[in-house]
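Numbering (my numbering), first residue to last: -15 to 126.
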Amino acid sequence: QYFDHLAESAETGLFDSLAHPDLVKNASPVDWDFDRIRPFVEKALDRIAKTGVAMEINTSGLNKSYSEMNPGPEMLALMAERKIPVVIGSDSHVPTRVGDGFDLALDSLSAAGYENVSVFHHRERDDLLISEVRASLFAGRP
-15 QYFDHLAESA
-5 ETGLFDSLAH
5 PDLVKNASPV
15 DWDFDRIRPF
25 VEKALDRIAK
35 TGVAMEINTS
45 GLNKSYSEMN
55 PGPEMLALMA
65 ERKIPVVIGS
75 DSHVPTRVGD
85 GFDLALDSLS
95 AAGYENVSVF
105 HHRERDDLLI
115 SEVRASLFAG
125 RP
C-alpha cells in the first residue's frame, strides 16, 4: 500500500519529486528484505516512470538505523532501468549537514547506471552530468 500511495502521489501532478521512496525500511531494519517487496516496488516504479516525476536519493539514511541511503541500491537500479530522474537530498536540519554524503550519492547513482542528476528551478527540471556535479562539489577544495 505504501508504494501504491507513492505512485498515486506522482500521478497527481502536484509534485516535482518524491522523497524517501523506501523509508519503510527504517521501521524494521533487522528484518528488512527488499526482495519481499520487489513486486510492489516494480509496479509502483512503472507507474511513476510514466509521469516524469523525479525521485530523490537521500543521504540522511546513512545516519539511520538501517544505515543506507533512501533508496537503497536495489530500488535505485530499478529506477535507473526505468529512466526515472533523480535529485539528491541530505535532510540537512543543521548547516553542517548541507550536502552531506553527496559524493557517495553520486557514486551510488553512477553504479546504478545513471549519467545525470536532476535539479529544479521554478518547477522546471534540468539534468546535469554527474561528472560535472562531482567536479563542482570538489571545486576549490585542496
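Yeah, the Cβ is synthetic: ideal placement off N, Cα and C, and Gly gets one too.
Return the CA-CA distance between residue i and residue j, expressed in angstroms with no decimal places.
i, j, result
"G83", "L93", "15 Å"
"H4", "E(-8)", "15 Å"
"R81", "A95", "24 Å"
"I21", "Y(-14)", "10 Å"
"S115", "N42", "19 Å"
"D110", "S102", "6 Å"
"G73", "G97", "19 Å"
"L7", "P23", "17 Å"
"N54", "I68", "15 Å"
"E108", "L(-2)", "13 Å"
Does the separation of the CB atoms of residue i and residue j fall below 9 Å?
i, j, result
"G56", "K9", "yes"
"F104", "S1", "yes"
"A64", "V37", "no"
"L46", "E52", "yes"
"L88", "N100", "no"
"D75", "S120", "no"
"L29", "M59", "yes"
How far does the beta strand (DSSP E) with residue i in it extend, from its first residue to its last?
i, result
"A38", "A38 to N42"
"V103", "N100 to H105"
"R109", "E108 to L113"
"I72", "V70 to G73"
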